[in-house]
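> Have a look at the structure that comes next, please.
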Ligand SMILES: Cc1ncc(C[n+]2csc(CCOP(=O)(O)OP(=O)(O)O)c2C)c(N)n1
Ligand SMILES: Cc1ncc(C[n+]2csc(CCOP(=O)(O)OP(=O)(O)O)c2C)c(N)n1
Ligand code: SF4
Ligand code: SF4
Ligand SMILES: [Mg+2]
Ligand SMILES: [Mg+2]
């Protein structure tokens with residue numbers, strides 16, 4: 015049972031633009047292990063939605079199966095959620111998103127759920143540029159089935175039992191960049207300052223926004239030799255700070271020229287990126303790929319907003335969907351009626 | 015019915031080192047459409063195996079479902095073949111290859127079979143570096159189901175019916191490079207001179223060798239506006255010639271310095287690559303990725319050997335498999351006997 | 178030699194090579210007969226290949242209006258040397274054989290019990306036409322012309338059809354008409370036209386067909402129209418024969434009928450998924466979110482969808498799935514027809530699951546049942562699977578015209594909107610307040626602070642709160658059984674027909690026959706044949722699972738009931754055994770699973786044998802495959 | 178108040194929080210009783226979660242040697258405040274309740290019909306131990322010490338077990354032993370030890386158990402050993418509860434017993450696949466290539482494997498699949514036990530398919546049947562599915578020791594090697610030369626120019642040449658039926674037992690009971706209970722599908738046959754209805770599907786009701802979940 019017990023919050027909580035307190039974004043009490051990275055992600059999602067003043071019921075939560083996929087029960091108790099089947103959440107999210115383009119879709123998955131059984135659907139989800147935020151709580155193992163290596167486990171990483179993973183780990187962020195995702199970020203469950211603005215930016219982004227979050231499994235992959243332990247991640251962290259300024263808020267902070275890049279999203283929101291090197295542009299896939307490969311070679315965990323296409327057009331646009339949500343259409347929108355059918359019959363004689 | 019009728023070959027055929035003629039590598043008559051690119055690939059495979067003097071029965075042919083997956087019936091009639099289920103051939107090949115490490119495994123698939131339904135298994139096949147050659151006959155459509163766009167169809171490519179594909183195509187070669195394939199090539203069914211040596215090199219390579227072959231579908235995707243028609247492919251072809259010198263044969267041809275790179279495989283065979291630019295090294299993943307992205311941007315079809323790791327270690331090595339094939343092991347190798355079982359019982363009291 | 182005779186009553190079969198344009202010429206022939214007002218049923222028997230393999234096209238003409246296959250061949254038109262030997266052999270004694278005589282008929286093929294007519298098709302076309310492709314294509318039109326003369330097909334209708342067909346490509350009309358005439362002339366000059374088997378629209382003893390103004394269409398198109406009229410907004414699919422044309426047709430009609438007039442935007446979304454798991458996932462997600470969504474697939478896809486179907490059953494998400502059945506397995510015979518997914522569909526997925534099935538028998542029913550499937554799925558909050566097959570889905574059938582009642586309102590089932598939620602004081606997603614096993618759904622985004630819940634499989638209680646308590650589990654799945662009971666009164670009832678009067682019956686036994694889908698037409702025909710022979714058989718056509726109680730009643734009222742179906746294992750019989758309480762010896766299987774649709778003659782023959790057989794137990798005869 | 182009494186005959190239940198180390202302490206308790214030679218059966222009833230949720234552990238002690246669940250609780254040891262209310266309520270009148278009295282028992286929970294014993298576990302451990310983790314872990318050991326005093330557990334055995342357990346970590350032994358003693362002392366000083374329910378190894382009326390030198394092991398480990406001894410070389414899997422430990426154990430033993438002495442290389446390959454489709458694909462590929470390969474999964478995996486299972490059935494590729502059943506669906510109750518995949522497994526995949534199933538009831542049978550599964554799969558060239566479940570697979574069972582005959586030779590079935598191919602003049606992959614429906618296989622790489630063929634689903638003829646001919650299809654699938662007939666004589670026969678003598682029977686009816694797997698032990702017990710009460714019931718334990726004819730015979734010899742199983746829909750009953758010819762009213766379902774294993778008391782109660790019920794039709798009682 016986790017120590018993160020959202021229900022016990024300070025009584026006098028500040029309200030957001032909608033008059034909600036952060037407690038209004040709580041879910042039920044987490045049943046994950048004490049210290050599980052996933053709980054920090056839940057907290058970050060809760061805070062991000064609160065800060066961005068998103069009406070909780072306008073968010074739909076989708077997940078597959080795993081400890082990570084249980085997370086949606088632990089935040090946004092006023093949102094509908096769907097704990098679907100293992101590795102196939104991308105398709106469920108695709109269907110949900112076209113059925114009602116007006117809601118905000120938040121997918122939460124694990125590295126097993128996405129990189130192992132879910133790989134096929136994940137790649138095709140990216141390809142369709144479904145308008146959603148997709149967070150992978152990446153611990154390099156199958157927590158819920160007691161810690162086997164997942165497909166993102168790094169080559170040579172040691173498991174709790176002392177065995178070493180003999181396979182190359184799949185880097186979901188690079189894959190997303192290569193496959194054309196319009197928003198790709200990586201973060202660390204322990205880096206609230208970076209994770210929250212990234213989630214807010216992702217939810218403001220139009221199109222598919224992917225965040226790969228290193229989220230240590232304290233029970234099965236937090237051992238010495240595990241490359242995704244808290245210690246190892248902190249040690250190798252190469253974090254590029256991010257901050258998010260929603261539309262209609264003026265920018266407060268200023269940063270030294272060069273290293274900072276400012277990107278404006280389709281809705282007018284602004285993201286400030288503070289990059290490792292000046293010659294890396296967050297809107298270049300090549301730069302992102304090269305930077306990620308380099309970090310990977312040097313055993314670094316490069317976090318931040320890695321790639322962004324602010325002009326991206328989502329699946330709803332590609333499908334030329336009407337602006338009225340499909341799930342709200344009635345007989346008049348949908349049923350051609352008897353006269354048309356008569357003429358169709360005629361054509362079949 | 016195809017015009018490529020292997021059975022009717024010239025009577026006085028040359029023999030290879032094993033005393034086989036090329037006709038000994040024939041399969042049954044193709045039932046594909048006249049002019050289908052796939053038939054040229056079948057011919058290239060047949061010739062490659064003949065030239066490399068591979069005993070036909072030491073090859074196992076595996077495929078999924080599709081016109082392309084029917085190909086294995088049209089070559090190597092003396093080899094066992096397995097027409098498995100759609101998109102899942104990679105797993106079948108993985109099982110077959112560990113069961114008998116002594117055979118040569120040749121997987122033949124289509125772009126739908128691999129990039130659509132097969133994406134998940136394909137990525138994991140690469141990750142395991144299964145010792146096999148994997149050829150995708152890539153026509154950007156589902157031939158056998160009458161020509162729908164597949165996941166490799168290029169953005170904006172026109173279908174026969176005049177509809178335009180609204181999605182980004184998946185570039186299997188880039189994907190293979192990024193995911194760590196140890197041998198990645200692209201070719202064109204119309205470029206026999208390049209395709210044959212590539213297949214020979216792939217079969218000589220130890221580990222996973224991938225060849226993405228553009229193979230036009232004359233019936234459904236050879237129309238004007240189709241980016242994978244014969245015409246469009248020829249027009250945009252940017253071919254890097256390759257030749258293959260098996261072990262124990264001395265090199266005949268010589269090429270001008272710089273543009274040529276010579277790579278020696280683990281078995282001593284040699285590959286000569288004649289590259290587009292001198293500063294592109296075939297043993298660098300970054301170079302390959304950058305070159306592919308560049309070609310893609312300029313609408314070019316870059317063919318040749320794109321990436322190669324001659325030191326690659328395959329799955330059999332990773333699994334520390336005994337040198338004796340698993341399928342040939344008997345009771346003595348496998349069954350610990352009653353004494354051991356008694357002691358196990360003891361431990362359970 | 179006694180030649181076969183018959184006005185408006187014969188079977189013509191074409192033997193061609195696929196990819197040579199024969200199908201459209203053969204269809205031209207069938208359509209002309211249809212336009213003449215003579216009952217006709219064409220069937221395309223094609224290979225799993227795009228070009229160059231043998232393909233057949235069977236046209237049955239039936240004055241009585243039988244639309245199923247009869248069995249046997251009266252006139253064979255063969256232009257495929259590869260298969261000529263089998264083809265000529267399959268002609269019934271006294272029948273007719275028309276072939277391309279450019280190459281003379283091999284002596285060993287000759288038969289003196291049939292009449293052979295050679296037409297030098299290739300030669301004629303080489304002479305008349307210059308373009309190679311035309312030489313090949315028009316061969317087919319020439320033999321249609323010849324058949325027009327031999328069988329009295331109305332020539333003007335043929336010409337009209339050609340001009341319809343080539344609207345837009347007018348310059349193709351004249352060569353085609355010319356080819357028609359060439360064939361017609363050749364036959365008139367060289368053969369005794371018309372043959373003893375021929376057409377005559379003036380003598381039709383199936384007036385009901387002409388009156389009801391039948392249309393000619395395939396089941397997949399009808400199902401697609403059902404989806405349009407039923408208000409489907411999301412179609413997710415992965416191409417697979419023989420279901421592909423369902424979504425093709427949906428797309429065609431949607432582009433015409435579902436474009437928002439003002440904006441030109443789409444009131445529908447079609448998603449070609451990466452595979453069937455994804456297609457079903459998309460449907461589940463869209464339905465969960467309140468859209469009417471469906472997918473169409475065939476056996477292999479059904480297998481891949483089974484995990485999701487189980488989830489939808491337990492999570493109570495509406496799903497509409499159209500299964501156009503073919504013969505199993507993957508790399509089986511994808512272009513052959515069977516009814517062999519019954520058990521796989523009824524019990525799809527692990528654990529205790531049961532799914533609602535619909536069994537359409539005509540294009541008209543494909544249309545009606547697809548519309549109904551969307552209502553049922555939302556009313557029952559569960560997957561509804563419409564079990565069509567290749568024969569019904571891909572072949573053109575004469576069918577009463579599609580009808581639409583403009584007063585139809587979609588039945589969205591028990592869904593609480595914002596106001597309803599405001600009123601509701603205690604609401605629990607899985608509380609059976611009405612006692613019918615059906616609970617009240619809510620959709621995402623409906624209400625700021627009421628009605629949100631977390632959708633899961635089975636570890637939950639009535640309030641949709643996570644629970645692993647045995648009692649909660651049992652209570653929930655027992656309710657699902659209750660819901661399945663409720664379904665019995667929602668699904669289409671079986672069809673019964675007045676028994677056919679039989680003068681002096683040859684048996685005292687009370688005989689009955691059960692069938693469904695494409696087994697229906699030939700079964701009706703077989704029953705009439707047997708009535709003629711003195712065997713009265715009552716019939717019931719099953720139209721849905723779970724079964725209506727009248728099915729139990731029907732079986733109990735009869736001593737022997739034949740279950741006629743197109744699979745090896747008598748799957749419908751098994752389903753009946755499972756769900757009703759029947760003494761097994763009562764149910765006798767009549768089966769055909771060759772991949773080509775079952776014929777009236779096979780059915781009659783199997784039933785005859787069964788009746789003479791001492792024990793009325795499962796008879797498995799080697800089914801005829803022609 | 179009358180206290181419950183009984184020597185070597187009671188049920189103890191532990192209520193804990195998972196992730197607190199309680200399971201190993203509870204197992205220590207059970208193992209000690211086992212070492213004392215008293216029949217015991219422990220069961221872990223755990224949540225689908227890693228840490229912090231309620232978990233239970235039930236230990237049944239049975240002088241008679243009943244290893245199934247009895248039902249009810251005699252002594253409840255509760256250290257989980259979350260569930261205390263339910264837990265205390267579940268104790269039978271006259272029973273005992275032991276709890277952590279650091280917090281006093283809430284007044285409203287008090288019951289005067291049971292005896293309560295409070296032990297200040299937390300307090301004691303806080304006082305005695307410094308390390309937080311130890312304080313938590315040793316709490317469990319303390320209560321085990323207390324139980325030792327209350328129930329007369331041999332203390333020296335407990336100490337031995339601790340030292341075994343901590344081999345290598347010796348410094349942990351003394352604090353553990355100390356904790357044991359603390360609990361023991363506390364109980365001795367504060368409670369009337371021993372209780373009327375207690376252990377006494379000197380009085381055991383199940384000598385067969387002690388004689389046969391039973392071992393204590395779980396079914397998954399036994400199955401893994403079966404795979405080692407059966408010569409499996411390829412294991413492909415995807416983790417899923419409750420099957421995960423099969424491959425874990427296989428890996429453990431293989432690393433020990435399958436390493437090539439000379440080279441240190443592996444004589445096996447274990448592949449953790451990316452999902453179950455891939456796992457099955459790997460097995461199909463390896464088996465096609467002549468290796469003995471298997472996978473282990475549970476329901477959701479079975480659903481995902483169904484397309485491949487259908488291919489393997491038609492392509493005739495051996496497959497060994499171990500299905501450790503849990504309750505459906507995905508996001509169902511993954512840590513709860515059921516026997517609810519029977520139909521999904523028997524008919525897995527679309528089209529006409531039937532699969533061979535094995536039903537082990539003990540770890541010993543898990544071992545034997547796994548070995549046999551490999552022989553059967555290769556002899557029959559088809560998938561063989563061993564249907565275990567969570568209760569059998571993950572719980573420790575007393576079992577006769579595993580035995581091995583060193584003369585055992587693997588039966589690789591009809592495979593032609595090079596010499597055989599040289600001799601064979603005409604060979605066709607699908608020719609039924611022996612008439613048993615089983616044809617001769619060849620493996621890739623065997624012969625330079627003979628025996629090569631192309632493996633496909635069903636579009637082929639006897640020579641494995643591509644064919645879409647109806648006759649070829651029918652001939653092939655009819656042969657598959659013949660093969661399934663042959664299978665009946667290959668699979669394990671049902672077990673029957675001498676009827677229990679009943680003095681004056683209360684019924685004239687001939688009663689029978691059918692059951693399988695983990696339903697067996699409690700069924701045997703229930704039958705003895707009912708025999709006591711005057712109801713003689715003959716029993717047959719089903720061990721395989723297809724069914725042996727003795728099953729038909731058994732059913733025909735009885736008026737009413739109870740089919741006892743752990744699913745909602747009576748799936749085994751349905752399978753029997755389908756495959757045998759049985760009047761349905763003969764078969765009465767006795768069901769439990771709460772997710773916790775069925776108990777003897779539930780079975781007895783349901784049968785009693787059925788016997789008094791006028792119609793012996795399906796009785797569905799709300800099963801007890803405790
Ligand atoms: C089809 C299917 N296969 C296997 C499982 C068992 N299973 C549940 S969660 C899980 C892996 C979860 O790993 P990940 O997605 O990384 O989540 P984590 O628990 O690590 O957060 C597996 C294999 C399942 N539920 N369904
Ligand atoms: C599970 C399943 N879904 C769908 C199909 C139908 N199908 C057969 S081949 C094919 C696509 C083949 O495309 P590709 O792999 O590109 O081969 P091509 O015909 O283009 O060479 C499809 C969708 C199938 N056989 N199995
Ligand atoms: S097992 Fe690992 S991933 Fe799962 S809850 Fe515990 S710490 Fe988190
Ligand atoms: S349809 Fe296309 S891919 Fe298939 S055989 Fe014909 S040309 Fe080749
Ligand atoms: Mg994980
Ligand atoms: Mg293709």
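Protein chains in written order, with the numbering used here: chain A, 15 to 363; chain B, 15 to 363; chain C, 178 to 803; chain D, 178 to 803. The C-beta atom is built at its ideal place from N, Cα and C for all residues, glycine as well.
1) Taking its Cβ as the centre, do 16 or more other Cβ atoms sit within 10 Å of residue 435 of chain C, making it buried, or is it exposed?
2) Residue 321 of chain D and residue 298 of chain D look like a contact to me (Cβ under 8 angstroms); what is the Cβ gap, rounded to whole Å?
3) Please state the DSSP three-state secondary structure of residue 237 of chain D.
4) Check whether the Cβ of residue 49 of chain B lies closer than 8 angstroms to any heavy atom of ligand 4, and answer yes or no.
5) Tell me which same chain residues have a C-beta within less than 6 angstroms of the C-beta of residue 119 of chain A, skipping the five on either side of it?
6) Do residue 708 of chain D and residue 535 of chain D have their C-beta atoms closer together than 9 angstroms?
7) Fully enclosed by the region 439 to 480 of chain C, which beta strand (DSSP E) runs are 3 residues long or longer?
8) If we define contact as Cβ-Cβ less than 9 angstroms, is residue 655 of chain D a contact residue for chain C?
9) Quick check on residue 270 of chain D: does DSSP put it in helix, strand or coil?
10) Quick check on DSSP: helix, strand or coil for residue 115 of chain A?
11) Short of 6 angstroms in beta carbon distance, which residues of its chain neighbour residue 447 of chain C, apart from the five on each side in sequence? Order them along the chain.
12) Please tell me whether, using a cut-off of 8 angstroms, the distance from the CB of residue 458 of chain C to the nearest non-hydrogen atom of ligand 7 is below it.
13) Using the C-alpha atoms, what's the distance from residue 333 of chain B back to residue 181 of chain A?
So, from the data block:
1) buried
2) That belief does not hold up - the Cβ atoms of residue 321 of chain D and residue 298 of chain D are roughly 11 angstroms apart, past 8 angstroms.
3) strand
4) yes
5) 74, 107, 111, 146
6) no
7) 446 to 449, 470 to 474
8) yes
9) strand
10) coil
11) 412, 428
12) Although ligand 7 was asked about, the structure shown includes only ligand 1, ligand 2, ligand 3, ligand 4, ligand 5 and ligand 6 as ligands.
13) 10 angstroms
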